[in-house]
Each structure stands twice: as structure tokens, then as C-alpha cells.
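S.K.: Below you'll find the structure I mean.
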Amino acid sequence: MDLLAFFNWLDASFLARMSKAYGGVFAVVQMFHLLALVLLGGAVVAGALRMLGVLLRDVPRALVLAGTWRVFDVALVLIVISGIFMSSAVAMKLYYNEMFWVKMAGLLVGMVFMYGIERPLLRRPQSGAWPTRLVACASLATWFTVAAAGRWIGFS
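Take the sequence shown: its letters are residues 12 to 167, numbered as in my numbering.
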């Protein structure tokens with residue numbers, strides 16, 4: 012797939028015209044994007060702290076993780092949808108922005124980690140303490156990298 016062609020299309024799309032013409036719509040979508048980021052970050056931190064044994068020790072790990080994973084899933088969908096809309100307003104600028112690609116790579120790694128490693132490993136009833144703690148630290152590091160790269164886009 013030619014990514015430049017996709018970004019050119021996105022820059023000329025209805026979404027781009029709407030986001031550029033109606034600042035209020037862009038602001039509302041950005042608000043949902045930020046709220047979803049807070050939800051995702053909270054779910055990651057709460058789940059990781061439970062896996063590390065710092066938070067909610069008296070609640071079964073499976074119960075805490077089931078709740079945080081539901082919130083994570085909803086937040087991720089909202090982030091992707093609102094992110095596409097927001098990207099349409101500055102599609103060509105983002106295409107040439109290195110930190111945008113760092114964020115997208117981090118997002119891909121985070122999703123593969125969450126759905127391919129973390130959840131399958133932690134669904135096993137007897138996953139040990141060290142693998143659980145290692146997964147928690149890796150999850151925190153991965154999602155912190157995604158957030159930091161996203162924040163850095165505006166400075167590069």
C-alpha cells in the first residue's frame with residue numbers, strides 16, 4: 012500500500028474539509044480523543060499496578076484485569092476513530108513527521124502486545140509472579156512510549 016497516496020486522499024477527504032472548516036467539530040472530536048486517552052491510560056496503569064501487587068491486592072487479579080480490558084477496548088476504538096478524524100486535518104504534515112510514525116509504530120506494538128501476549132498469558136490461571144510483573148512493566152513502558160511520542164508530535 013502506498014502510504015503517501017493514502018495521506019493525500021485523507022488530506023482531500025470529506026473528513027479533512029469538515030475538520031478544517033468547523034473548528035468546533037474538531038475541538039469536540041479532540042476532546043473525545045483526550046478523554047479516551049485518559050481512559051486507556053487509566054486502564055493500563057490500574058491493570059499494571061494490580062499485576063505488580065501495588066493496587067487492589069484484595070480483589071482477584073482476573074476481575075481487575077477483566078474490567079480494565081473492557082475499558083481499554085472501548086478507549087482504543089475511540090482513540091483510533093477520533094485520531095483518524097484529527098489526522099485528516101493535517102494529514103500531509105503528519106506524513107512527514109517522524110514522531111507520528113514513532114507513535115504509530117508504538118501503537119501497533121502496544122496492540123500486538125496487549126492482544127497477542129498480555130491477554131493470552133494472563134488468562135492462564137497459574138501464570139507466575141515474575142512473568143506477570145514483567146508483562147506489567149512492559150505494558151507500562153510500551154504505552155508510555157506511545158503517549159510520549161504522541162505528545163512530542165506537536166514539538167517536531
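We put the CB at the ideal spot given by N, CA and C, even for glycine.
Assuming contact is defined by CB atoms lying nearer than 8 angstroms, are Phe124 and Ala149 in contact in what I supplied?
M.R.: Locating residue 124 in the sequence shown gives position 113, where the first residue counts as 1. Locating residue 149 in the sequence shown gives position 138, where the first residue counts as 1. Their beta carbons are under 8 angstroms apart, which means Phe124 touches Ala149 by this criterion.
S.K.: Taking the alpha-carbon of Ser45 as reference, which of Glu129, Trp112, Met97 and Arg144 has the nearest alpha-carbon?
M.R.: Here the question's residue 45 lines up with position 34 in the sequence shown. It should be noted that the sequence gives Leu, not Ser, for residue 45. Looking at the Cα atoms, Met97 is the closest of the given residues.
S.K.: Rounding to the nearest angstrom, what Cα-Cα distance links Lys104 and Thr153 in this structure?
M.R.: Sequence index remark: in the sequence shown, residue 104 carries index 93 (1-based). Sequence index remark: in the sequence shown, residue 153 carries index 142 (1-based). Those two C-alpha atoms are separated by around 25 angstroms.
S.K.: Is the region 13-27 in contact with the region 78-90, if contact means three or more CB pairs nearer than 8 angstroms?
M.R.: Contact fails: fewer than three Cβ-Cβ distances are below 8 angstroms.
S.K.: What does the alpha-carbon distance come out to for the pair Asn4 and Phe43?
M.R.: One cannot answer for residue 4 here, as it falls past the ends of the chain, which runs 12 to 167.
S.K.: Using the rule of at least 16 other Cβ atoms within 10 Å of the residue's Cβ for burial, across every protein chain shown, is Ala27 buried or exposed?
M.R.: Counted from its first residue, the sequence shown places residue 27 at position 16. Buried, by the Cβ-count rule.
S.K.: Could you give the C-beta distance for Asp54 and Val82, rounded to a whole number, given that I count them as a contact under 8 angstroms?
M.R.: As a position in the sequence shown, residue 54 is number 43, starting the count at 1. As a position in the sequence shown, residue 82 is number 71, starting the count at 1. For the record, residue 54 in the displayed sequence is Ala; it is not Asp. Going by Cβ atoms, the distance from Ala54 to Val82 rounds to 4 angstroms, so yes, they are a contact pair.
S.K.: Excluding the five sequence neighbours on either side, which residues of its own chain have a C-beta within less than 6 angstroms of the C-beta of Arg68, listed in chain order?
M.R.: To locate residue 68, count along the sequence shown from 1; it is residue 57. Excluding positions up to five away in sequence, the list is empty.
S.K.: Excluding five sequence neighbours on each side, which residues of the same chain lie with their C-beta closer than 7 angstroms to the C-beta of Thr79?
M.R.: Taking the sequence shown and counting its residues from 1, the one referred to as residue 79 is at position 68. Ala54, Ala57 and Gly58, listed in sequence order.
S.K.: If you check the beta carbons only, do Ser99 and Ser24 fall under 8 angstroms apart?
M.R.: What you label residue 99 is simply residue 88 of the sequence shown in a count that begins at 1. What you label residue 24 is simply residue 13 of the sequence shown in a count that begins at 1. Their beta carbons are under 8 angstroms apart, which means Ser99 touches Ser24 by this criterion.
S.K.: Which of helix, strand or coil does DSSP assign to Pro71?
M.R.: Reading the sequence shown from its first residue, position 60 is the one you call residue 71. Coil, per DSSP.
S.K.: Let me check understanding here. Comparing Cα to Cα, which of Val39, Val157 and Gly127 lies closest to Leu51?
M.R.: The residue given as residue 51 occupies position 40 in the sequence shown. The shortest C-alpha separation from Leu51 is found at Val157.
S.K.: Closest by CA to Ser167, which one among Val146, Met110, Pro131 and Gly127?
M.R.: Within the sequence shown, residue 167 is the residue found at index 156, counting from 1. Taking only the C-alpha atoms, the option nearest Ser167 is Met110.
S.K.: Taking all protein chains shown into account, do 16 or more other C-beta atoms lie within 10 angstroms of the C-beta of Arg135, making it buried, or fewer, making it exposed?
M.R.: Position 124 of the sequence shown, counted from the start, is the residue given in the question as residue 135. Exposed, because fewer than 16 other Cβ atoms sit within 10 Å of the Cβ of Arg135.
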